[in-house]
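Structure record follows, encoded as structure tokens.
Residue numbers (this note's numbering): 1 to 370.
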């Protein structure tokens, strides 16, 4: 078996690429080859160039020109795509025959990678172990976030090695420790490596805003498909007193316009801007006053840079952040406005131990696989 074939990494989205990037860079620094398989869920080429990693060796479906292949919730086309991906990944990995297949997170690409490389679909001649990075996150509800919570649970069932990101996620996976063919290992979250290294490398390229500002990031499918949620989010965003900067996703803009809400955003306070590269986004995050968001990774990034984050959701799979005093969880409009009032005044940021570990997670993962 040659060096190039020991590890295959399956990635679908930019978020997965961001968190797998430090693992890939570490492999490149060690002069160890790897197969890079893209499902085509997002277009990854430009991000690969900016991160200094090679472009995919294989792209299994046509990449979208806009930010994502799937504009909103699960539908017939996305279900068909998943079945096609399972077949393609299964066949490709069997031909490559690596020692490990790595995949990350909680997307549709994650779930199909776990299923297609599992023992169930490869009962004979499976020489590899399939590895789930960022395993064990749980919100406790299949509906929120959807379909990510389902993807996480599927990946836990079908993976051989589960790399947990925290004490709580390791506890969530405790039942798998008793399984003969499974390993649960707590290592931390690679986002610590990604966000800090990208910021340090690129911070001199961007100019800081003259005024304090709030960084806004909204894109969850369960919000976009719910007009009431979107109305509440616009009302909450309009309650800020500081300048707001809102890099807008294609699908978020589509639904804001569909519901007649885009023009109700107070543009005198909040500036709508196009989506940013990760380099520029993390610079904005590192220098903002506080965050208003509904995503997952941004909760972890807020802890890395010690920025308060109002999480507009009913539940979160990243519950450890709530204990730090920097993450605030609510979808109640009045409660959110009260939190914003306090954040506008400025809150005391106390010292805390990052629940997602320390820098160097990516190196630790590769040392364990070795």
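All C-beta atoms in this analysis are idealised placements derived from N, C-alpha and C, irrespective of residue type, glycine included.
Please read all numbers here as calculations on a predicted model, not as lab measurements.
Burial state of residue i, where buried means 16 or more other Cβ atoms lie within 10 Å
i	result
residue 72	The predicted position of residue 72 is uncertain, since its pLDDT is 48 and thus under 50; no value can be drawn from it.
residue 124	exposed
residue 106	buried
residue 431	Because the chain is modelled from 1 through 370, residue 431 falls outside the range shown and cannot be assessed.
residue 308	buried
residue 13	buried
residue 370	exposed
residue 304	buried
residue 24	buried
residue 113	buried
residue 209	exposed
residue 357	buried
residue 142	exposed
residue 15	buried
residue 172	buried
residue 111	buried
residue 265	buried
residue 323	exposed
residue 368	exposed
7 Å Cβ shell around residue i - same chain, five flanking residues per side excluded
i	result
residue 170	136, 164, 184 and 186
residue 54	36 and 48
residue 289	212, 213, 214 and 242
residue 197	22
residue 126	119
Inter-residue spacing [alpha-carbon to alpha-carbon] between residue i and residue j
i	j	result
residue 37	residue 83	17 Å
residue 200	residue 122	43 Å
residue 301	residue 128	32 Å
residue 97	residue 174	29 Å
residue 59	residue 86	14 Å
residue 343	residue 319	20 Å
residue 119	residue 244	49 Å
residue 64	residue 351	42 Å
residue 267	residue 103	40 Å
residue 10	residue 109	8 Å
residue 363	residue 269	43 Å
residue 229	residue 99	45 Å
residue 249	residue 353	32 Å
residue 57	residue 44	12 Å
residue 331	residue 261	18 Å
residue 207	residue 80	44 Å
residue 153	residue 366	24 Å
residue 89	residue 95	10 Å
residue 115	residue 213	43 Å
residue 341	residue 225	28 Å
residue 138	residue 179	20 Å
residue 150	residue 46	29 Å
residue 246	residue 51	24 Å
residue 8	residue 133	13 Å
residue 263	residue 346	29 Å
residue 279	residue 205	9 Å
Own chain partners of residue i with C-beta closer than 6 Å, once the 5 adjacent residues on each side are dropped
i	result
residue 146	222
residue 1	Annotation note: pLDDT 38 at residue 1 (below 50); position unreliable, no value reported.
residue 130	101, 117, 159 and 160
residue 61	40
residue 148	106
residue 360	none
Cutoff 8 Å; reference residue i; Cβ partners in own chain excluding five residues on either side
i	result
residue 176	156, 162, 182 and 184
residue 203	283 and 286
residue 397	In the structure as shown, the chain starts at 1 and stops at 370, and residue 397 therefore has no counterpart that could be examined.
residue 211	242 and 243
residue 299	293, 309, 311, 316, 318, 321 and 327
residue 166	136, 186, 188, 189, 320, 355, 356 and 357
residue 6	32, 33, 34, 98, 99 and 100
Any C-beta of chain B under 7 Å from that of residue i
i	result
residue 128	In the structure shown, chain B cannot be found, because there is only a single protein chain.
Residue i: CB within 6 Å of a non-hydrogen atom of the ligand ZN
i	result
residue 88	Absent from the structure shown: the ligand ZN. Ligands present: none.
Worksheet item: Any contact of the region 304-321 with the region 271-280, i.e. 3+ C-beta pairs under 8 Å?
Response: no
Discussion item. Within 8 Å, do at least three Cβ pairs link the region 15-22 to the region 183-192?
Written reply: yes
Worksheet entry | Contact the region 276-296 vs the region 250-261: 3+ CB pairs below 8 Å | Contact between the region 276-296 and the region 250-261 is absent, because fewer than three Cβ pairs lie under 8 Å.
Discussion item. Closer than 8 Å is the cut-off here; do at least three beta carbon pairs connect the region 24-31 with the region 75-89?
Written reply: no
Worksheet item: Counting pairs of Cβ atoms below 8 Å between the region 233-243 and the region 332-345, do you hit three or more?
Response: Judged by Cβ distances under 8 Å, the region 233-243 makes contact with the region 332-345, as three or more pairs qualify.
Worksheet entry | Contiguous alpha helix (DSSP H) assignments of at least 4 residues, all confined to the region 278-321 | 278-286 and 297-304
Item to complete: Output the residue ranges of the beta strand (DSSP E) runs that lie fully inside the region 154-239 and measure 3 residues or longer, sorted by chain position.
Response: 161-164, 183-186 and 213-217
Worksheet item: Per the contact definition of three or more C-beta pairs closer than 8 Å, is the region 288-300 in contact with the region 213-222?
Response: yes
Discussion item. Suppose only complete runs of 3+ residues qualify. What are the beta strand (DSSP E) ranges in the region 80-135, listed by chain order?
Written reply: 100-104 and 129-135
Discussion item. What ranges does the beta strand (DSSP E) occupy inside the region 312-368, keeping only unbroken runs of at least 3 residues that lie completely in it?
Written reply: List check, beta strand (DSSP E) in window: 327-329.
Fill in: Runs of beta strand (DSSP E) wholly within the region 6-39 (minimum 3 residues, chain order)
7-11 and 35-38
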